[in-house]
Amino acid sequence: MPTHEWKLARRTLPYGEHTLVMGVLNVTPDSFSDGGEFFSLDRAIAHAAQMIDEGADIIDIGGESTRPGSEFVFEEEELQRVIPVIERLSARSSVPISIDTTKSPVARAAIAAGAEIVNDISGLRFDPLIADEAARVKAGLVLMHSRGSPKTMQQLPPVDDIMSEVISGLRQSVAVAEERGIARDNLAIDPGVGFGKTVAQNVELIAKLDQLAGEFPEFPILIGTSRKSFIGKLLNNEPADERLHGTTASIVASVLNGAHIVRVHDVKATVDAIKVVEAIRTG
Ligand code: 7PJ
Numbered sequence: 029m030p031t032h033e034w035k036l037a038r039r040t041l042p043y044g045e046h047t048l049v050m051g052v053l054n055v056t057p058d059s060f061s062d063g064g065e066f067f068s069l070d071r072a073i074a075h076a077a078q079m080i081d082e083g084a085d086i087i088d089i090g091g092e093s094t095r096p097g098s099e100f101v102f103e104e105e106e107l108q109r110v111i112p113v114i115e116r117l118s119a120r121s122s123v124p125i126s127i128d129t130t131k132s133p134v135a136r137a138a139i140a141a142g143a144e145i146v147n148d149i150s151g152l153r154f155d156p157l158i159a160d161e162a163a164r165v166k167a168g169l170v171l172m173h174s175r176g177s178p179k180t181m182q183q184l185p186p187v188d189d190i191m192s193e194v195i196s197g198l199r200q201s202v203a204v205a206e207e208r209g210i211a212r213d214n215l216a217i218d219p220g221v222g223f224g225k226t227v228a229q230n231v232e233l234i235a236k237l238d239q240l241a242g243e244f245p246e247f248p249i250l251i252g253t254s255r256k257s258f259i260g261k262l263l264n265n266e267p268a269d270e271r272l273h274g275t276t277a278s279i280v281a282s283v284l285n286g287a288h289i290v291r292v293h294d295v296k297a298t299v300d301a302i303k304v305v306e307a308i309r310t311g
């Protein structure tokens, strides 16, 4: 694959030849405990540092659990969770930081604190002003396909043609982004595995990722399969912490089918798998 460039606020990331790894840093109260019931900033930063050592190209920081079924988090709370982490991480590392949020005030504060990418799981459906914040500084903007809200998406009746639904949803998101002043070379797109889709549809999205890439040839394709419940369901209901091998298989398939960026919790396993896949792909 030839090399292309994804433009972020302060740099350009080459993609296409080498698959980029986005490491997930969840900063919710149930992660990085200080040993008691409080969140530890030091532990969150240490985990980010470990992912960077293991080869993460991007760190994606999220303070609103957007997992299917999760509750809404208020803006103030989300800001208090993510901003100190972004400030600290951007002061000590040059790795590009992404903010996983659907709220424009959070995107704005995260950018001011050092984030260079905004990752919106709603594809600008919840708060289109997210695009204005990204456009102001020419940040990268990830548009992910999803249906409904995190609280309701798994109750929605399934659509019958998931590929057409994802393609038309993403076209709509790209159109909104452009109307709000985002340049096309700042965009990345994501089919949104696990967000309002059945197990079979998640599998289909990975199997046909090359088709999605063909529909959006100008944009980097990001995909997040890591530890998701469709993998658990394919593996006899394995819990999230037992889904590493299943996750790795989904990553390998995604890379062979045209993913440019993979969003994962287990960076070392992913980096190793990608090295081997890329050696094979290059021949
Ligand atoms: C994704 C995400 C994903 C992008 C989450 C989880 C749920 N952002 N944020 N793509 N998933 N771009 O990690 O299980 O698939 S939160």
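First residue of the sequence shown: 29, per the numbering used here; consecutive thereafter.
Where a beta carbon is used, it is the ideal one built from N, C-alpha and C, also for glycine.
I'd like to confirm something about residue i: is its beta-carbon nearer than 6 Å to some heavy atom of the ligand 7PJ, or not?
| i | result |
| --- | --- |
| residue 285 | no |
| residue 149 | yes |
| residue 172 | yes |
| residue 164 | no |
| residue 208 | no |
| residue 291 | yes |
| residue 252 | yes |
| residue 58 | no |
| residue 218 | yes |
| residue 300 | no |
| residue 81 | no |
| residue 128 | yes |
Is it right to say residue i is buried, meaning 16 or more other beta carbons lie within 10 angstroms of its own, or is it exposed?
| i | result |
| --- | --- |
| residue 54 | buried |
| residue 183 | exposed |
| residue 58 | exposed |
| residue 63 | exposed |
| residue 202 | buried |
| residue 311 | exposed |
| residue 265 | exposed |
| residue 242 | exposed |
| residue 139 | buried |
| residue 247 | buried |
| residue 119 | exposed |
| residue 45 | exposed |
| residue 278 | buried |
| residue 144 | buried |
| residue 245 | exposed |
| residue 251 | buried |
| residue 207 | exposed |
| residue 219 | buried |
| residue 167 | buried |
| residue 31 | exposed |
| residue 67 | buried |
| residue 308 | exposed |
| residue 225 | buried |
With DSSP collapsed to three states, give me the class of residue i.
| i | result |
| --- | --- |
| residue 276 | helix |
| residue 291 | strand |
| residue 40 | strand |
| residue 131 | coil |
| residue 197 | helix |
| residue 114 | helix |
| residue 221 | coil |
| residue 75 | helix |
| residue 125 | strand |
| residue 67 | strand |
| residue 216 | strand |
| residue 257 | helix |
| residue 88 | strand |
| residue 192 | helix |
| residue 168 | strand |
| residue 49 | strand |
| residue 308 | helix |
| residue 147 | strand |
| residue 230 | helix |
| residue 249 | strand |
| residue 372 | This structure cannot settle anything about residue 372, because the visible part of the chain is limited to 29 through 311. |
Checklist line | Inter-stretch contact at 8 Å, needing at least 3 Cβ pairs: the stretch 228–238 / the stretch 289–304 | finding: Output reads no: the stretch 289–304 does not touch the stretch 228–238.
Margin query: I'd like to know if the stretch 243–257 and the stretch 270–287 are in contact, where contact means that at least 3 CB-CB pairs between them fall below 8 Å.
Written below: Between the stretch 243–257 and the stretch 270–287 there are three or more C-beta pairs closer than 8 Å, enough to call the two in contact.
Check: Would you call the stretch 29–49 and the stretch 208–220 touching, i.e. three or more CB-CB distances under 8 Å?
Finding: With the cut-off at 8 Å, the stretch 29–49 and the stretch 208–220 touch.
Margin query: Does the contact criterion of 3 or more C-beta pairs under 8 Å hold for the stretch 187–195 versus the stretch 152–172?
Written below: Contact fails between the stretch 187–195 and the stretch 152–172, because fewer than three Cβ pairs, one in each stretch, are under 8 Å apart.
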